[in-house]
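Counting from 456, one number per residue, gives the positions in the sequence shown under the working numbering.
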Amino acid sequence: MNARLQRLSLLIRSLLGAGGLALGWQLGGWPWALALAVLAVNLRNIVLLLLFISLAFINRQHLPGVGDLLRAWWLELWALERTFSWRQPFAEHRHADYLPPSASARGVLLLHGFNCNRGLWNGWMQRLRALDVPHMALSMEPAFGSIDAYVDEIEQAVVKLQATTGQAPLVLAHSMGGLAARAWWRRHGRDARIHGLVTLGSPHAGTVMARFSPARNAMQMRRHSRWLDELVRASPAAPPTHCYFSDCDQIVCPAETATLPQARNLHLPGRGHLSLVEDPQVTAEVMALLRA
């Protein structure tokens, strides 16, 4: 579903650009036409910049510098285009799950975040396949339903990876995917079912940005939501958890909401929300966890 919605979003951006071009031509010729077309196509990037600026007021415990915010915004522009203009709308199934019959390495389960699909992990799937590491990446549906609706699919993937490799898999989750993994653990978790949970910018304590979406899973991610409170109260003892968070995460903020009291919390300053997915430090440490 997300792939179709993102293709529609690209079409709307194209139409806005064409509309700006036509309006500018009527107002004053090519200079106006080009200016309005560029403005229309880059409305998303302007909104993104405003989100980064807002962090200077939202983050108090981890206050980012102006240079870090601008650098993170610039890098996030490219991550946003790569993810939402190609990988997710057009290359969601470019890389299949890899479950070799004679696997000896530990498997990895990849869980995406809100308004995303498995195409988010294309870079990771290429990397894991090259290293002969079994892996599965889910496109969790319904896209805007309850986070609890993803639990059964996660359970099936965990069982399949364990059966393939004979080892408990590592779960790597971005954003909302970390909460989906915790919801799975609440229902199915017990000792040694997974090797560990790595979350990248997951709103474990909610995020102020969730208030701007009426989707059910977004409402569950709001600060102090009933769903989050129940997740904490009803969950068994957590598996080994590693939470990566950033002072320049424009989606999950304040920054400390992406941490857990019992986890190994790692602050990566100057990274945007999507940039955490392909961060070299994250990649190196996840690979080390797989070998541990």
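Yeah, the Cβ is synthetic: ideal placement off N, Cα and C, and Gly gets one too. Since the structure is predicted, the reported quantities are computational estimates derived from the model, not experimental observations.
If only complete runs of 4 or more residues are kept, the stretch 544-594 shows the alpha helix (DSSP H) at 577-585, in order along the chain. Under the DSSP definition of a beta bridge, residue 628 partners with 566 and 654. For residue 720, the uninterrupted beta strand (DSSP E) segment begins and ends at 719-722. Distances from the alpha-carbon of residue 654 to those of 545, 566, 511 and 570 put 566 closest.
Setting aside the 5 residues that flank it on each side, residue 538 is surrounded in the same chain by 575 and 729, each with a C-beta closer than 7 Å to its C-beta; the list follows chain order. Measuring C-alpha to C-alpha distances from residue 606 to each of 586, 640 and 591 identifies 640 as the nearest.
Pairing residue 708 with residue 510 gives a Cβ-Cβ distance under 8 Å. Residue environment analysis places residue 745 among the buried positions, since at least 16 neighbouring C-beta atoms fall within 10 angstroms of its C-beta.
Ranked by Cα distance from residue 551, the first of 544, 508, 591 and 528 is 591.
Per DSSP, reduced to three states, the secondary structure at residue 643 is helical. Rounded to whole angstroms, the separation of the alpha carbons of residue 564 and residue 547 is 16 Å.
With contacts defined by Cβ atoms closer than 8 Å, residue 625 and residue 656 do not form a contacting pair.
Listed in chain order, the non-local C-beta contacts of residue 695 below 6 Å within the same chain comprise 651, local neighbours out to five positions each way being set aside. A direct Cα-Cα distance of roughly 14 Å separates residue 714 from residue 632. Residue 613 and residue 595 have their C-alpha atoms some 14 Å from each other. Three or more beta-carbon pairs separated by less than 8 Å are not found between the stretch 554-564 and the stretch 520-535, which leaves the two stretches without contact. Between the stretch 678-686 and the stretch 718-726, the count of Cβ pairs shorter than 8 Å is below three; the stretches do not touch. Around the beta carbon of residue 701, 16 or more other beta carbons sit within 10 angstroms, so the residue counts as buried.
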